[in-house]
Structure formats: structure tokens, C-alpha cells
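First comes the structure, then the notes that go with it.
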Amino acid sequence: MRVLIIEDDENIANYLRRSLTAEGFCADIASDGAAGLDQALAGDYDAITLDVIMPKMNGYDVCRELRRAGVETPILMLTAKDGKYDEADAFDMGADDFLRKPFSLVVLVARLRALVRRGGVAKSAELAVGDLVLDTRGKVASRAGQKIELTPREFGLLEHLMVNAGQALSKRQLLEHVWGYDLVPDENVVEVYIGYLRKKVDAPFGSPLIRTVRGVGYKIEAGKQ
């Protein structure tokens, strides 16, 4: 499940990304309203968390412009404001839910999952590369009809590779999006988890999908050796 975090407070944004990643999400960050709008228009997200007070463009305006552009991705607005009309304003602009800071992470995750289940966007919850299928909502992986047991971290890594199928991703990119690290502690952890995935996703089926791109990183792709 891909989430875009539009939040100008770096500490909060990084906390959300790390926390959501630990819950099995793939999370990206935009640090101001204008960047968030551009990223939301260009990306394919299952949900968006949107701060209200931000530089360049506030959250209400971002929400309104996304709806005007036909983007129906579920939006959860976050704010430290306590005015009695803020929640009504958020819904008027097209938000799907509203949460005041400080908030419980458990509640945030539950709200996001509920928004995705209700489905602001009528799109498939499945990703497919060749005969490998990932149900991103049910958290189920299968290949050639056989279920593959994955840990949450393995699932998150495989999901990010499949979202970007055919594109080579560096170890740093994978760390930032799957582990949520801004300061890379050890890129070799990616290599270790790629090894885990290959044993489960490739080795039993005799046809490798996960590929090493020398000098770059890794990608997932069907139909080539």
C-alpha cells in the first residue's frame, strides 16, 4: 500500500514514514504543499496524509486542487489547529477524514486502512509481474497459483520493486522507501533481504524475476534472463 506524506515538519514526516513502513506501507514524503501537489498528481498512491499548515500551499488548497484535477485518492488531513470549523473546511475541500495532532499512531494506521478499504479510488489491489501476483490489501503473495509466505519487510520490499517493475532501484532508494531511513546505516541489509526474496519468489519456480543491475541496484522484471 503506497502512502504519500505531505508534511513540512521534518521530524514528524520521518516519524510517520518509519512508523508506516514498519506497518507494511510504502511511504513517500513531500515537504511542502506545492511539492505535495505535484507528487500526488504524478504518483499512484493508495492514500495521502496531508498537513493543513504548510509553506507554499496550505493543505486545504492542495486538497481542493487534487479534487479539481480528478484525483480521488483518499486524503487524511492532519492538523494542530483546534478551531471548530477546521474539520468542516477539510471535508468541504474534499478530504475523506480528519485527525488532530497529537494523534495515536494506532488510530492513524486504522484510519488509513479504513480509507483504502472504502476505496476513494476504484483501482485494483493487485500487482503482477509475470506469474507473480501481490494482493497489496490482503497482504498475500503468490506465484503460479502457489501462496508465498513473506515477512512484513519482505512484502514491503517486493511491493516496492513491483510498483516500479522494470525500473532499476538503488540500495539507498530501497532503504529510504522500504525501511524509511534517511541516513543509510548499512546498505547491505538490502542485499540480505533480496536474497531472502530470491529464495522464496524465484528459486522454487525456476524462472528468476528479481535481477541485479550492476552498478545500480535491483529490479523486478518478467520475460528476460
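Numbering (the numbering used here), first residue to last: 8 to 232. Beta carbons are placed, not taken as given, at the ideal position from N, Cα and C, and that holds for glycine.
For residue 59 against residue 84, the beta-carbon gap comes to about 6 Å, under 8 Å, which counts as contact.
One alpha carbon belongs to residue 167, the other to residue 213, and they sit about 22 Å apart.
Residue 10 and residue 57 have their C-alpha atoms some 11 Å from each other. Between the C-alpha atoms of residue 36 and residue 215 there is a straight-line separation of about 32 Å. Bridge pairing for residue 153: 150 [DSSP]. Contact between residue 230 and residue 137 is confirmed by a C-beta separation of about 7 Å, below the 8 Å threshold. Assignment of beta-bridge partners to residue 12 by DSSP yields 36 and 56. Here residue 194 carries a coil assignment [DSSP, helix/strand/coil]. Secondary structure remark: continuous beta strand (DSSP E) runs of at least 3 residues inside the stretch 60 to 88, in chain order: 82 to 86. Taking the Cα positions, residue 121 is about 10 Å away from residue 115. Under the criterion of beta carbons closer than 8 Å, residue 41 and residue 63 qualify as touching, at roughly 4 Å.
Counted as a single uninterrupted DSSP element, the stretch harbouring residue 175 is not any alpha helix (DSSP H), since DSSP gives it neither H nor E. Taking each of 225, 207 and 73 in turn and checking the Cα distance to residue 51, the smallest one comes out for 73. Nearest C-alpha to residue 68 among 79, 77 and 97: 97. DSSP places residue 117 within a helical segment (H, G or I) once states are collapsed to three.
Here DSSP, grouped into helix, strand and coil, assigns residue 185 to helix.
Each residue's CA atom was taken as its position, placing residue 43 and residue 13 some 5 Å apart. The alpha-carbon of residue 34 is positioned some 17 Å away from that of residue 134.
In terms of Cα proximity to residue 81, the closest of 103, 181, 159 and 171 is 103. Excluding the 5 residues flanking it on each side, residue 108 has same chain C-beta neighbours closer than 7 Å at 85, 86 and 87, in chain order.
The beta carbon of residue 155 lies closer than 8 Å to those of 148, 149, 207 and 208 in the same chain, with the five residues before and after it left out. If you draw a straight line from the Cα of residue 123 to the Cα of residue 143, it comes to about 11 Å.
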